[in-house]
Amino acid sequence: AQKITQTQPGMFVQEKEAVTLDCTYDTSDPSYGLFWYKQPSSGEMIFLIYQGSYDQQNATEGRYSLNFQKARKSANLVISASQLGDSAMYFCAMREGGSSASKIIFGSGTRLSIRP
Amino acid sequence: DVKVTQSSRYLVKRTGEKVFLECVQDMDHENMFWYRQDPGLGLRLIYFSYDVKMKEKGDIPEGYSVSREKKERFSLILESASTNQTSMYLCASSTLGAMNTEAFFGQGTRLTVV
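Chains A and B, in that order, give the protein sequences. Going by the numbering used here, the first sequence opens with residue 16, and the numbers climb by one from there. Going by the numbering used here, the second sequence opens with residue 81, and the numbers climb by one from there.
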């Protein structure tokens with residue numbers, strides 16, 4: 016069964032520092048996709064970045080990058096030059112099965128707090 | 081602008097009541113999902129649907145059922161609400177396309193069962 020593990024319940028980081036949020040996953044399917052979402056205190060879910068299992072390069076979107084280590088089954092989110100507005104819950108998610116009709120499962124999340 | 085709308089932001093229901101949570105999307109998406117979010121547990125999938133009248137169980141379907149009679153609407157039903165179903169419920173939708181199609185979320189319904 017597919018599974019997502021986020022081992023950091025909470026993190027504190029100084030403003031302007033880089034931060035890495037950990038995510039490991041478990042699946043037996045060779046075709047899968049990994050997502051990161053941000054949930055600010057307002058509650059909305061904001062899609063940040065995507066990595067496919069067959070993608071050769073790590074995904075990047077502005078200040079967000081994904082450190083994808085397939086052999087270790089890890090997909091860590093890296094936020095460069097953190098800002099106060101980055102304070103939020105962050106969720107790692109996975110879709111498997113090579114079809115977008117398949118379910119998307121989430122991890123337990125990491126609460127990131129940025130100190131000024 | 082894409083939109084997923086949940087019928088209520090806050091709901092208070094009594095134990096034993098039948099509860100309906102409604103979700104509507106205006107993006108013509110094939111996939112729709114219901115999750116519950118609890119502190120420390122993240123988002124857990126209750127049910128999802130990939131087409132009208134089609135549904136599949138997620139990880140925690142017990143005590144819930146769903147209905148999808150129209151493509152744009154996905155309803156979550158608590159047949160007999162219990163206090164342990166007090167939670168934040170999130171609806172999401174996504175298109176049936178490439179694997180990199182993200183899910184779009186509603187604003188959530190905070191349900192309290194007393």
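Here a beta-carbon is modelled for each residue, glycine too, at the ideal position from N, C-alpha and C. Since the structure is predicted, the reported quantities are computational estimates derived from the model, not experimental observations.
> Taking Cβ-Cβ distances shorter than 7 Å, what residues in chain B pair up with residue 124/A?
Replying inline: 122
_Let's test the definition: count the other Cβ atoms within 10 Å of the Cβ of residue 83/A and tell me whether it reaches 16, buried, or not, exposed._
buried
Residue 118/B - containing beta strand (DSSP E), residue span = 111 to 118
Is residue 106/B close to chain A, meaning its C-beta is less than 9 Å from at least one C-beta of that chain?
no
query: Roughly how many angstroms separate the alpha carbons of residue 90/B and residue 102/A, rounded to a whole number?
result: 24 Å
Requested in this report: Identify whether residue 164/B lies in helix, strand or coil by the three-state DSSP scheme.
Outcome: helix
Problem set entry | Spatial distance of residue 134/B from residue 127/B (CA atoms) | 10 Å
**Report entry** Closer than 7 Å at the beta carbon, the chain B residues around residue 48/A
**Finding:** 179 and 180
Hey, would you say residue 167/B sits closer than 9 Å to residue 97/B, going by beta carbons?
no
Examine chain B for any beta-carbon lying closer than 9 Å to the beta-carbon of residue 72/A, and answer yes or no. no
Using 9 Å as the limit for Cβ to Cβ distance, is residue 59/A near chain B? yes
Looking only at its chain, what residues have a beta carbon closer than 6 Å to the beta carbon of residue 87/B, apart from the 5 residues adjacent to it on each side? 102
Q) Where in the stretch 28 to 83 of chain A do unbroken runs of the beta strand (DSSP E), each at least 3 residues long, occur, reported from the N-terminal end onward? A) 34 to 36, 39 to 41, 47 to 54 and 61 to 67
(request) Taking residue 216/B as part of the beta strand (DSSP E), name the residues at either end of that continuous run. (result) Nothing in the structure corresponds to residue 216/B, since chain B is present only between 81 and 194.
Practice item. Indicate whether residue 117/B and residue 170/B have their beta-carbon atoms separated by less than 9 Å. Key: yes
### Message
Can you check whether the C-beta of residue 119/A is within less than 9 Å of a C-beta belonging to chain B?
### Response
yes
Query - residue 68/A versus residue 131/A - alpha carbon distance - result: 36 Å
Within-9 Å CB hit, residue 77/A to chain B: no
Return helix, strand or coil for residue 100/A, following the three-state DSSP convention. helix
**Study point:** Closest by C-alpha distance to residue 128/A, when choosing among 19/A, 20/A, 18/A and 31/A
**Key:** 31/A
Closest residue to residue 25/A among 113/B, 115/B, 119/B and 164/B (Cα-Cα distance): 119/B
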